[in-house]
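Novice:
Chains as they are written, first to last, in this note's numbering: chain D, 1 to 328; chain W, 329 to 633.
1. Taking all protein chains shown into account, decide if residue 158 of chain D is buried (16 or more other Cβ within 10 angstroms of its Cβ) or exposed.
2. Which parts of the segment 431–470 of chain W are runs of the beta strand (DSSP E), unbroken and 3 residues or longer, counting only runs that do not cross its ends?
3. Closer than 6 Å by C-beta to residue 10 of chain D: which residues in its own chain qualify, once you throw out the five before and the five after it? Chain order, please.
4. Just the C-alpha distance for residue 244 of chain D and residue 17 of chain D, rounded to the nearest angstrom, thanks.
5. Put residue 92 of chain D into one of helix, strand or coil per three-state DSSP.
6. When we look at the beta-carbon of residue 599 of chain W and count the other beta-carbons within 10 Å, is it buried (16 or more) or exposed?
7. At the 8 Å Cβ level, is residue 147 of chain D part of the contact set with chain W, yes or no?
8. Cα-Cα, which of W:429, W:518 and W:511 is closest to residue 362 of chain W?
9. Whose Cβ in chain D lies nearer than 8 Å to the Cβ of residue 440 of chain W?
10. What do you get for residue 163 of chain D, buried or exposed, if any count of 16 or more other CB atoms within 10 angstroms of its CB means buried?
11. Are the CB atoms of residue 64 of chain D and residue 109 of chain D nearer to each other than 8 Å?
12. Rounded to a whole number of angstroms, what is the C-alpha to C-alpha distance between residue 499 of chain W and residue 515 of chain W?
13. Give, in chain order, every unbroken run of the alpha helix (DSSP H) that is at least 4 residues long and sits entirely within the segment 215–297 of chain D.
14. Below 8 Å on the Cβ atoms is my guess for residue 4 of chain D versus residue 271 of chain D; work out the distance and round it to an integer in Å.
15. Could you tell me which residues DSSP pairs with residue 155 of chain D in its beta bridges?
16. Is residue 275 of chain D buried or exposed, if buried means 16 or more other CB atoms sit within 10 Å of its CB?
17. Per DSSP, what kind of secondary structure is residue 624 of chain W in: helix, strand or coil?
18. Answer with buried or exposed for residue 367 of chain W, where buried requires no fewer than 16 other C-beta atoms within 10 angstroms of its C-beta.
19. Given residue 330 of chain D, which residues of its chain have a CB within under 6 Å of its CB, disregarding the five upstream and five downstream residues?
20. In terms of alpha-carbon separation, which member of D:73, D:147 and D:226 lies closest to residue 132 of chain D?
21. Which of helix, strand or coil does DSSP assign to residue 162 of chain D?
22. Quick one: is residue 131 of chain D near chain W, going by C-beta distance under 8 Å?
23. In the structure shown, what three-state DSSP assignment does residue 58 of chain D receive?
24. Determine the burial state of residue 21 of chain D: buried for a count of at least 16 other Cβ atoms within 10 Å of its Cβ, exposed for fewer.
25. Spatial neighbours of residue 155 of chain D within its chain, please: CB distance less than 6 Å, with the 5 preceding and 5 following residues excluded, ordered by chain position.
26. Classify residue 320 of chain D as helix, strand or coil using the three-state DSSP reduction.
27. Taking only the alpha-carbon atoms, compute the straight-line gap between residue 195 of chain D and residue 569 of chain W and give it to the nearest angstrom.
28. Assuming residue 573 of chain W and residue 629 of chain W form a contact by the criterion Cβ under 8 Å, report the distance between their Cβ atoms to the nearest whole angstrom.
Okay, here's the thing in structure tokens:
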């Protein structure tokens, strides 16, 4: 049994050491796996803010993941074909600059989360789960039936986007970008959780009536949390698209929403590093079980079932001493 | 667009709606009585379709195939209720979602393992092939008409079961007060298993009936599951009446939207972009409908406030 804090430190150390080892051994594939884990972790950290802290079980976070992905895909494809995005009333050019793409991805997915959140948060409980799932699926079908950006086939980007001063095609440098972004977001979310905003959010999760009674506008509080959550997941989507240099409607599919949730439950709900541990373990399972059997989802299903039924608190909950309770 | 084509599309919408009702009825019943959100309902739909395809290939008898879909799905439902689902009744919705999501993964991959990745085909029986002339000279597929009739018959049967029989009385009592009917000596766990198996059987039947029109493949259940969620959100959770109204509404909106919207846009746009915009919008139409219902009635058309 270890303190959660030290456990988190160890996780961070591993996220530095494993890629460093891979560089020394010249194993670029391991770096790609680690990059996937870090990006998935980022998406999970986004959802965990809404789901863990806020108790908002969103089953539609693929919408923001996909939105971030398509923000990257659309901007980069226009830059690649030298076609402006729009010409009237003023010209907007495509871009292959990562920071600009991130900004657009964050803003676009935040706006989408504002729209979906404003509608979905009118409902609670099971309705909320179904409604977020349905809205997520709406974008899946929309991207399939909208032919301008590849439709069902998706959109390939031939060169990875640029970051000033770095060679983004070098796996370890791209990993570094993703890792630093994850650190920055973890720091921000940690500060947010301890701020009056985060405490109020958690308080409204534990007891909504009490939060309302002390004069907290719970709807607005949750909406803000939902928007921030969507924006973080959108950023992860843009990175994921850049990693694969490919976007497709699959990024919007409900299975992605489910996967992001799995990261959180495997690692531990409402724990800062829960999604990080969960995503890393998920990638390892995918790699090793996927190598053992074509049907590795069966094993994943059994493991997930076991964790949900018998091991609440996930991996961090099982390993760390201090129990941070989350209300049911 | 001609009137005949329009009526044909209305019938297609009705057929789609009736199929959605079979899914949504089980989901809403299970939620109403046990308070459980069951994502694996789509898997039961798939299991029904595969059972029917396997039995049809083996015996060549469509009626036997339908029976098999009902029985196999009900048995599968009872098994997962006894082993997994009953541990979830007291859990929060997040646990229910994740555990039933895990069941989807297990069922889908297991089916892929047994039957392979290629779609199976379930043929429409010879007696139901071809078309029938309806009053007014409308030619319509006999099989689709049969589906509508079967669906409506199931709806009537379900209403009678719930409003007139002793089991139905217990189900309604279970929706109102679980502890009380337990205290009155009803074996609540048997009741739960029965309700779950009933919902599963309806999903399986729906899968088998649709399987004869579309292909039977792994992953066929989840799109229908999500549509059934839309139906329930529109109709109101726990209400069979709401499920029927929502299902018909969603079925008609989707089918008519797909045929009409490109035509409507064509009246003021050039043909190719009208098709693009029209069909893209049509794919979102039922979700827009859901958003509209949420704006005015967040608990659905027939939901309790």
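Every residue gets a Cβ at the ideal spot worked out from N, C-alpha and C, and that includes glycine.
Bear in mind the structure is a predicted one, so any value in this text is a computation, not a measurement.
Specialist: So, from the data block:
1. By the neighbour-count criterion, in which 16 or more other beta carbons inside 10 Å mark a residue as buried, residue 158 of chain D falls on the exposed side.
2. Taken in chain order, the whole beta strand (DSSP E) runs of length 3 or more contained in the segment 431–470 of chain W are 459–462 and 466–469.
3. For residue 10 of chain D, where only same-chain residues beyond five positions count, there are no Cβ hits under 6 Å.
4. Spanning the two alpha carbons is a distance of roughly 23 Å.
5. In this structure, residue 92 of chain D counts as strand in the three-state DSSP scheme.
6. Sixteen is the threshold: since fewer than 16 other Cβ atoms of the shown chains lie within 10 Å of the Cβ of residue 599 of chain W, the residue is exposed.
7. So, interface residue.
8. Selected option, being the one with the closest Cα: W:518.
9. Around residue 440 of chain W, the beta-carbon contacts reaching into chain D at under 8 Å are 295.
10. Its Cβ being crowded by 16 or more others within 10 Å, residue 163 of chain D is buried.
11. Contact: yes.
12. Approximately 12 Å between the Cα atoms of the pair.
13. Correct list: 218–244, 254–267 and 274–292.
14. Contact holds; Cβ gap of about 7 Å.
15. Per the DSSP secondary-structure output, residue 155 of chain D pairs in a beta bridge with D:247.
16. Counting Cβ neighbours within 10 Å, residue 275 of chain D comes out buried, since at least 16 surround it.
17. Helix at residue 624 of chain W.
18. It counts as buried.
19. In the structure displayed, chain D extends from 1 to 328; residue 330 of chain D sits before or after that span and is not available.
20. Taking each of D:73, D:147 and D:226 in turn and checking the Cα distance to residue 132 of chain D, the smallest one comes out for D:226.
21. Shown here, residue 162 of chain D sits in a strand according to DSSP, grouped into three states.
22. Yes, contact with chain W.
23. Under the three-state reduction of DSSP, residue 58 of chain D is assigned to coil, being neither helix nor strand.
24. Exposed: under 16 other Cβ atoms inside 10 Å.
25. Excluding positions up to five away in sequence, the list reads 73, 77, 149 and 247.
26. Correct three-state label for residue 320 of chain D: strand.
27. Looking at the two C-alpha atoms, the distance is approximately 46 Å.
28. Going by Cβ atoms, the distance from residue 573 of chain W to residue 629 of chain W rounds to 6 Å, so yes, they are a contact pair.
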